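Residue numbers (my numbering): 5 to 132. We treat Cβ as the ideally placed atom computed from N, Cα and C, and that holds for glycine. A quick note: this is a predicted structure, and the numbers were derived from the prediction, not measured. Contents: one structure, followed by commentary.
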Amino acid sequence: MAGYGLSLTLFVLALRHLGTARTGACFSLAPFFGAVVSLVVLREAAGAGFIAAGILMAIGAWLHLTERHEHEHHHHRLEHSHRHAHDQHHQHAHGGDIAGGEPHNHPHVHEPMTHRHSHYPDIHHRHG
5 MAGYGLSLTL FVLALRHLGT ARTGACFSLA PFFGAVVSLV VLREAAGAGF IAAGILMAIG
65 AWLHLTERHE HEHHHHRLEH SHRHAHDQHH QHAHGGDIAG GEPHNHPHVH EPMTHRHSHY
125 PDIHHRHG
């Protein structure tokens, strides 16, 4: 039961930090790792097809997970509420102390911003 809960927790964290496409790519590797474990446990021989598939899956996952680039991009004004800490994307004043410290949650506004940093396309970095 703990393994299932841990896997769901890691899956949700991956969705949040890697995005859906990258999380899906990682999640799709699970059957391959299961097959590797079965090879070890059952002492089966890995055939040429298994080895070729493993190499192609590893290359695909590596390409997908290492995709990053840097360029100037613009964030439009955005009003919303989510759990955050004050960082380069969350600079706003509070009236008095922050209830509960950081990270905290309250409605806030992101003013328009143009900047440059390394990223991969995700919900916050869409490309036309």
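- DSSP, read as helix, strand or coil, puts R87 in strand.
- Taking 8 Å as the cut-off, the beta carbon of S32 is found no closer than this to the beta carbon of R72.
- For S122, the secondary structure class from DSSP, reduced to helix, strand or coil, is strand.
- Of the residues assessed, R26 falls on the buried side of the cut-off, its CB having 16 or more other CB atoms within 10 angstroms.
- Secondary structure of L22 (DSSP, three-state): helix.
- In the three-state reduction of the DSSP assignment, P111 falls in the strand class.
- Shortest Cα-Cα distance from A89 to any of H112, R47 and M117 involves H112.
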